[in-house]
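Enquirer:
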Amino acid sequence: MTARVRAAAGAARAAGALSRLTGRGGGTTMPGHVLLRLAPEALGELAGGLPDGTALISATNGKTTTAAMLATIVGGDRAVCRNVGGANLVSGVASALVARPPDAAVGVLEVDEAALPAVARAVVPRVVALGNLFRDQLDRHGELEMVADRWRRMVDGLPAATTLVLGADDPVVDALGDGRDLVVRYGIDDPAVARPTRDDAADSTHCVRCGAPYAYRAVYLGHLGDYACPQGDHARGGLDFAARDVRMDGVAGTAFRLDAPDGAHELRLPLPGLYNVENALAAIATAHVLGVPVARAVERLGGFTAAFGRFERLQVDGREAVLLLFKNPTGANEALRAIAGDLADSRVVLALNDRIADGRDVSWIWDIDLEGALDAAAGVVCTGTRAADLAVRLRYADLVADRIDIRTPPEAAFDAAVRDAPPGGRVYVLATYTAMLDLHRVLAERGLTRSFWEEAR
Amino acid sequence: MTLRIVPLYPELLSIYADRGNVRVLEQRARWRGIPVEVSPLPLGADLDPAAADAILIGGGQDRDQALVAEALLAQTPALRSAIADGVPVLAVCGGYQLLGHGYVDQGGQRTPGSGLVDLETQAGPDRLIGNVLVEVDLDGHRERMVGFENHAGRTTLGSGVEPLGRVLAGAGNDGVSGHEGCRVGRVIGTYVHGPLLPKNPWLADLVLGWACERRGLDGALEPLDDRLESVAADAAAAIALAERR
C-alpha cells in the first residue's frame, strides 16, 4: 500500500468515527467520500490487499440479501470485508474497504446497478455475481436497456480471470456470459412452482439477439423463467446450480433440492418466496467460486437471518410484525405472493415515500398486481409522503374504502395497525427504503430492533 | 352496448405504469354501471376503427420506440378514421411524440411518427425529470393536472395546435414555452404520467364521456366520490410547487 493511500485511509477512518460520534449516521458513506477525495486510486489498492479476492454482487432485486447470505457462508471460516445498510454506491464500497477488519481475507460487496461499472473498473474482482434486471426507479437509473448496455460494456472490460456468476433465468443477464470462459449459471428448474402467465409488468420479454418474443416453458417471477427464442437465437443456458422440487411454506420459509456440480443437496431456507431461492442460489454459486464446498454453504444458510427490512420479524405487544422492503413492481409482487396465504386477521401497513433513494416517481405502484392481493387482510393503513397515492391505487384495486386508512408518519400507521391487530395476530409492513429507515429508527429507539448499520458489525 | 377501450401495444408501451390509465377508465365506467371491456391491440395486429371507443397510447423504452413507430405508422389510416368518427385518443409521453411528424434523436437520426397532430419532437441535451403541475382551461372552467415527467424530447406544436395546458411547475413540452401537451378535438397528448388519470379524475371522465358519446350512450356521467384522488392531487401539487425548477 502506498503511503498516500495509507494516510488517506487513516483520515477516512477518523471521519467515519466522527460521523458516528456526532450521531449523524453510521458512517457508511462518509469515510468513502473522504478516501476518494484524498486518493482516488485507493479502491483498487485496498481491495488488492484482500488475499482471497473480492466478490461484487449486483441485481435490481435481491442484492442485499444475496450479499448477506454470501457473507454468512464465507464468514464461517474467514473474516469478511463487506458494505452494509445499502451503502452500495462507490462511496459505500470505499467506506467498507477503509473500515474492513484487519484480518479480512475476502471482500463481499453489494453494488448498485448503475455504480457497478465504476466499481468493477477500480476493484479487480475475482467474481462478479449478476442476478437480474427489472425496471426500477426510472427517474434515477434510466430505462432498463440503458443499465443493460452499461453492464455489457462492464463485462467486456473484465479480466479473463474473473468468473461471472449469472442468473440464467433473466435473458438479459444470461446473455452476458457470451464469449466468456469462466461462467457459472444458476436458476430455478421446477415447472410445478411456475406462474400461469407472465406479470403485466414483465420487462425483458423479447429476444436479446433478434427481438422476437420469447416462448416460456416456465415463468417464475416477472420475466424470469425458462425461455427460448422461437427462432433459435437464444435460450436459457445450462444450469450449473439448479433449484428443483421447490416446496414453499408461506412466511415460514422454503425448501428445495439443490443440484450442484458435486451432486444433490437438500436446502431449507428460513425465508419465503421464489426470489429468496434465486438469492440463495446466487450466494452458494458465488461462495463455490470463492472455494467454499456446497455442502458447507447449504449448512451455513440454514441459520440465515434476514437483512434489514427483508422479512425481519419482531414481537410488539403480543403481535408479530413482519417488515418487508418494497421498491419496484416485481419485488412488491413477490412479497405479496409470499404473504398471501398468511393474511387472515392481519393488518397491513403500506408506506410509500418519494425521496431520491425511493425514486421520486411513484407511478410504479400501478404496476403492482394489487387486485385481490390484500382482500384477506382485516385492514390496510397507508403512510409515507405519498400515502394518498397508495390509497387511490387500492381504491382502483376494488379494496373496500372503509378498510383503507391514511396515517402519517409511518410509526403512527404502525402503532394503529398493531393496536387493531388481535393479540397473537400479525402486522405486515411493506415500505419503501426511506420509509423503512424512518420506521426502523423509531423501533430501534424503542429497543425493538437494532440500528441497521450495526447488523453486520 | 359495451364500451371498448383499446390500449395500443401495451406489451411495449407501458413503461411508466400506463396500465394505470387503462385501469382508471375501466373502473370509472364499471362503477357507473356502464359495461366496459379492454381490448389491447397487440403488435402486428390491425386496428378496427369501428371496434374502439377510446384509444390509449403509452410510452415505451427508447429501444422499443422504433419498433412501435413502424407498427403505428401502418395503423395511421385506421387511427385517422377512428378520430374522424369521434373516438378519443389519449397519448402519453412516447405515445405523445408518436402523434407528431417525427422524433429526432441525439445522434440526429429521425424516426417518423404518425403525423396525426401537427407537432415535431427533437431530443434535448438532458432529460426533463420531475413533478409537474399544469393549469388546463376546459370549456370555460379551470382544472388542475398533476403528475410526473421524464423525457429527453422537446416538443414543438404547429401553429394551429393548442397546448393542453400551462405549466405552473415542471418543464412541459420543451422547458421554455410554458406549454404542456396538445389538444386537437378529442385527441390529447401529454408528457404527464404518474400515471396520468388516477390523480386527474376530471380528465378520465372527459375521455370517458367522449367514449360514451361515440358509443351512442349518454356522455353526461354521474359524479363519483373522488375525495381520495383530491388528497393525492393536493399532495402532488404541493410537492411540484416546492421543487419548482
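Heads up: the sequence lines are chains A and B, in that order. Using the numbering used here, you'd call the opening residue of the first sequence number 1 and step up by one each time. Using the numbering used here, you'd call the opening residue of the second sequence number 1001 and step up by one each time. Even for Gly, the Cβ is constructed at its ideal location relative to N, Cα and C. The model shown is predicted, which means the values in this text are computed figures rather than measured ones.
1. Please list the terminal residues of the continuous alpha helix (DSSP H) segment that includes L43/A.
2. Starting from G1016/B, trace the alpha helix (DSSP H) both ways and give me its first and last residue.
3. Hey, would you say G92/A sits closer than 8 Å to T29/A, going by beta carbons?
4. Quick check: the Cα distance between A87/A and R395/A, rounded to an integer number of angstroms?
5. Would you identify the three-state DSSP class for W453/A, choosing helix, strand or coil?
6. Is it right to say H1141/B is buried, meaning 16 or more other beta carbons lie within 10 angstroms of its own, or is it exposed?
7. Only counting the same chain, and skipping five residues up and downstream in sequence, which positions put a Cβ closer than 8 Å to that of G1181/B?
8. Helix or strand or just coil, what does DSSP make of A228/A?
9. Do three or more CB pairs link the stretch 292-308 of chain A to the stretch 51-59 of chain A at distances below 8 Å?
10. Nearest chain A C-beta to D1105/B closer than 8 Å, yes or no?
11. Counting only beta-carbon separations shorter than 8 Å, does S363/A have a partner in chain B?
12. Is there a C-beta anywhere in chain A that falls below 8 Å from the one on A1040/B?
13. Quick one, are the C-beta atoms of V427/A and A417/A less than 8 Å apart?
14. In three-state DSSP terms, what is A255/A?
15. Cα-Cα, which of H288/A, V392/A and P410/A is closest to D402/A?
16. Between which two residues does the alpha helix (DSSP H) harbouring T1076/B extend?
17. Check this for me: beta carbons of T432/A and N333/A, under 8 Å apart or not?
18. With contact counted as at least three CB pairs below 8 Å, one residue from each stretch, are the stretch 1003-1019 of chain B and the stretch 1050-1064 of chain B in contact?
19. Classify D245/A as helix, strand or coil using the three-state DSSP reduction.
20. Could you please give the first and the last residue of the uninterrupted beta strand (DSSP E) stretch that includes Q1097/B?
21. What are the complete beta strand (DSSP E) segments, minimum 3 residues, inside the stretch 352-390 of chain A?
22. Measuring only between beta-carbons, confirm whether V1024/B sits less than 8 Å from chain A.
23. Excluding five sequence neighbours on each side, which residues of the same chain lie with their C-beta closer than 8 Å to the C-beta of A456/A?
24. In chain order, what residues of the same chain lie with their CB nearer than 7 Å to the CB of L1003/B, ignoring the 5 residues before and after it?
25. To the nearest angstrom, how far is it from the Cα of N1200/B to the Cα of I1129/B?
26. Give the range of the beta strand (DSSP E) segment to which C1182/B is assigned.
27. Nearest chain A C-beta to N1150/B closer than 8 Å, yes or no?
28. Quick check on T383/A - is its C-beta less than 8 Å from some C-beta in chain B?
29. Between D1118/B and P117/A, what straight-line distance do the alpha-carbon atoms span, to the nearest angstrom?
30. Starting from the Cα of L350/A, find the closest Cα among V322/A, A357/A, D361/A and D342/A and give me that residue.
31. Report, in whole angstroms, the separation of the C-beta atoms of H223/A and D203/A, which I expect to be a contact under 8 Å.
32. Does DSSP put E1222/B in a helix, in a strand, or in coil?
33. Taking only beta carbons into account, state which residues of the stretch 1162-1175 of chain B come closer than 8 Å to chain A, listed in chain order.
34. Using only the alpha-carbon positions, how far apart do E299/A and V251/A sit?
35. What's the C-alpha gap between R236/A and P101/A?
36. With a threshold of 8 Å between beta-carbons, can H1193/B be considered close to chain A, or not?
Expert: The answer reads as follows:
1. A42 to G48
2. This sequence places Tyr at residue 1016/B; Gly is not what is there. Where Y1016/B is concerned, there is no enclosing alpha helix (DSSP H), given that its DSSP letter is neither H nor E.
3. yes
4. 35 Å
5. Confidence is the limiting factor: at W453/A the pLDDT is only 44, short of 50, which leaves the residue's position unreliable, though a coordinate-based value still follows. Note: W453/A maps to helix in three-state DSSP.
6. exposed
7. Y1096, V1134, P1163, L1164, G1165, G1172, N1173, I1188, G1189, T1190, Y1191 and V1192
8. strand
9. no
10. no
11. yes
12. In the sequence as presented, Ala is not what sits at residue 1040/B; that position holds Pro. Chain A, which has no Cβ nearer than 8 Å to the Cβ of P1040/B, makes this no.
13. yes
14. strand
15. V392/A
16. D1062 to A1084
17. no
18. yes
19. strand
20. Careful: Q1097/B lies outside any beta strand (DSSP E), inside the alpha helix (DSSP H) at G1094 to L1099.
21. 379-383
22. yes
23. In this prediction, A456/A scores a pLDDT of 38, lower than 50, which makes its location untrustworthy; the coordinate-derived value is nonetheless stated afterwards. Excluding residues within five positions, the ones whose Cβ falls inside 8 Å are A68, A71, R82 and V84.
24. A1029, I1034, P1035, V1036, D1053, A1211, C1212 and R1215
25. 19 Å
26. C1182 to V1184
27. yes
28. no
29. 42 Å
30. V322/A
31. 5 Å
32. coil
33. none
34. 21 Å
35. 40 Å
36. yes
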